[in-house]
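Residue numbers (my numbering): 731 to 1047.
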């Protein structure tokens, strides 16, 4: 029987300034959910670490607001490390499995901008600019409930974003969003023998950024993953996502209008699991190539997820 990868089960509540929404950024990182999203995990403590790298760029015809300025012709390289300790309760809650956790993160952002404009007169403030930041990012508490009926698994989740990260509206780069946000959604996983398919859909509400008085619109997102088991402990598959802004931004330059954004991405994944003494390790590697972007940089990103949990003793179910 295939072991369910713990890393794909846990909620990776995390965010980055992935430049619409303000600065072209969103609290939700498209692709953070993949396969086995709604499958219950083992009760007790687990620890998940996610390593993320990504690159995105936008032409000079795409303009982003940032700290009272307009930026065009952007190139952005980012890396993040997320750590999520999670406790999964053994006793049922509302006939489901409750898990609570919090995500801590550290990241780096390296930005180059071809043109920097003022939002008042549209004249260039210098022909180009570059900035680089490394620091602690925001904090993301989360909770999820999961139910299983035969081959069908369902999850409901709630995630918050607390603006504790390195953020300065006057800088081009940053690893914090600068405002509070809340994200909620649901997931479904069909699991039958060697085949698996998962869908995760959610919505993000962004609060006003107190530093800029800019409020990003509500965002909708859909992540999916499908996999085929090669062995009881290894699988391959495909992943993808679609991100779409549902309501307009407010508080920004009039020339930008509602500044709606969207992007899609797809790519391969591989995963495997094994035990190292008393610890069970689950590893997932996946990558995405983006397309169909609007008011958002387009590029690629890769995720390496490593999850640790107590290994089952011989004879345990």
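Beta carbons are placed, not taken as given, at the ideal position from N, Cα and C, and that holds for glycine.
Coil, strand or helix - residue 824 by DSSP
Residue state for residue 824 is assigned as coil, using DSSP reduced to three classes.
Is it the case that the Cβ atoms of residue 761 and residue 1033 are separated by a distance below 8 Å?
A contact, by the Cβ cut-off of 8 Å.
Rounded straight-line distance, which links the Cα of residue 887 to that of residue 770:
13 Å
Residue 787 - containing beta strand (DSSP E), residue span
774 to 787
Give the secondary structure of residue 743 by DSSP, where H, G and I count as helix, E and B as strand, and everything else as coil.
Low per-residue confidence applies at residue 743: pLDDT is 39, beneath 50, and the placement is therefore not dependable enough to give any value.
Sort out for me which residues DSSP pairs residue 912 with in a bridge.
890 and 935
Could you give the distance in angstroms between the alpha-carbon of residue 1007 and the alpha-carbon of residue 1041?
8 Å
Could you tell me if residue 852 is buried or exposed, where buried requires 16 or more neighbouring beta carbons within 10 angstroms of its beta carbon?
Confidence in residue 852 is poor, its pLDDT being 47 and thus under 50, which makes the residue's placement unreliable; the coordinate value appears in the next sentence. By the 10 Å Cβ count, residue 852 comes out exposed.
Span separating the alpha-carbon of residue 1029 from that of residue 1023:
9 Å
Nearest residue (CA-CA) to residue 998, options 839, 758 and 764
764
Using beta-carbon positions only, say whether residue 986 and residue 792 come within less than 8 Å of one another.
no
Assigned secondary structure, residue 986 (DSSP; H/G/I helix, E/B strand, else coil):
Secondary structure of residue 986 (DSSP, three-state): helix.
Just how far apart, CA to CA, sit residue 867 and residue 960?
37 Å
From residue 924 to residue 1027, what distance separates their C-alpha atoms?
36 Å
Return helix, strand or coil for residue 851, following the three-state DSSP convention.
Residue confidence for residue 851 is low, a pLDDT of 49 falling below 50, so the modelled location carries little weight; the figure read from the coordinates is stated next. Correct three-state label for residue 851: coil.
Indicate whether residue 812 and residue 776 have their beta-carbon atoms separated by less than 8 Å.
no
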